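**Q** All the letters of the sequence shown, read from the start, carry residue numbers 117 to 253 under our numbering.
In this text, a Cβ means the ideal position worked out from N, Cα and C, and glycines have one as well.
In this text, all values refer to a predicted model and were calculated from it rather than measured experimentally.
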Amino acid sequence: MTPLVSAKCTCGALQFEASTAPVTQMICHCTDCRAATGRPSCLTAFFHKGLSAIHGPQTAMRFVAASGARTERVACSQCQTVMFDTSEGFPELIGVIAAVIEPPFVAQPVCHMWVSSRVAGCPIDDGLPQHSRGLPR
Ligand SMILES: [Zn+2]
Ligand SMILES: [Zn+2]
Numbered sequence: 117m118t119p120l121v122s123a124k125c126t127c128g129a130l131q132f133e134a135s136t137a138p139v140t141q142m143i144c145h146c147t148d149c150r151a152a153t154g155r156p157s158c159l160t161a162f163f164h165k166g167l168s169a170i171h172g173p174q175t176a177m178r179f180v181a182a183s184g185a186r187t188e189r190v191a192c193s194q195c196q197t198v199m200f201d202t203s204e205g206f207p208e209l210i211g212v213i214a215a216v217i218e219p220p221f222v223a224q225p226v227c228h229m230w231v232s233s234r235v236a237g238c239p240i241d242d243g244l245p246q247h248s249r250g251l252p253r
């Protein structure tokens with residue numbers, strides 16, 4: 117597989133490759149994403165699991181997200197960089213925290229999610245659709 121997109125953690129041990137562009141990209145403002153990434157919001161790029169691969173030592177943290185869906189966040193077991201996000205709500209996709217994707221990745225978010233729990237004082241002025249909670253199913 118020739119990777120089109122690649123990502124790695126801070127220490128480089130945990131790596132991700134995808135042979136296609138992301139299916140979609142979203143900016144999430146939920147408290148789970150904020151706590152995991154230490155940022156006021158989190159751009160995540162979603163890829164088809166079948167067209168991507170993960171190599172390296174990984175630690176999974178399982179929890180029930182605000183949406184009620186069982187969710188798993190995967191970090192590098194060596195440096196603890198949070199890299200991936202999977203959910204029973206979208207079983208065929210893997211979310212990659214965009215901050216760990218290597219250049220020349222282009223951020224092209226389609227919407228904001230969980231705007232109801234965003235950090236006050238951080239205005240959203242990009243004109244994208246805003247969902248107060250998760251995506252309507
Ligand atoms: Zn690492
Ligand atoms: Zn979130």
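Going along the chain, which residues of its own chain have a beta-carbon closer than 6 Å to the beta-carbon of V226, five neighbours each way excluded?
**A** Within the sequence shown, the letter at position 110 stands for residue 226. Closer than 6 Å at Cβ, skipping near neighbours: T140.
**Q** Would you mind stating whether V222 and T197 have Cβ atoms separated by less than 8 Å?
**A** Within the sequence shown, the letter at position 106 stands for residue 222. Within the sequence shown, the letter at position 81 stands for residue 197. Not in contact: V222 and T197 (Cβ atoms no closer than 8 Å).
**Q** Is any non-hydrogen atom of ligand 2 found closer than 7 Å to the C-beta of C127, if you look at the structure I gave you?
**A** Residue 127 sits at position 11 when you count from the first residue of the sequence shown. Every heavy atom of ligand 2 is 7 Å or more from the Cβ of C127, so no.
**Q** Should F200 and R189 be called a contact, given that it needs their Cβ atoms to be closer than 8 Å?
**A** Locating residue 200 in the sequence shown gives position 84, where the first residue counts as 1. Locating residue 189 in the sequence shown gives position 73, where the first residue counts as 1. In contact: F200 and R189 (Cβ atoms closer than 8 Å).
**Q** Under a Cβ-count criterion, where at least 16 other Cβ atoms within 10 Å of its own Cβ denotes burial, should C238 be classed as buried or exposed?
**A** Against the sequence shown, residue 238 aligns to sequence position 122. Answer is exposed; the Cβ neighbour count stays below 16.
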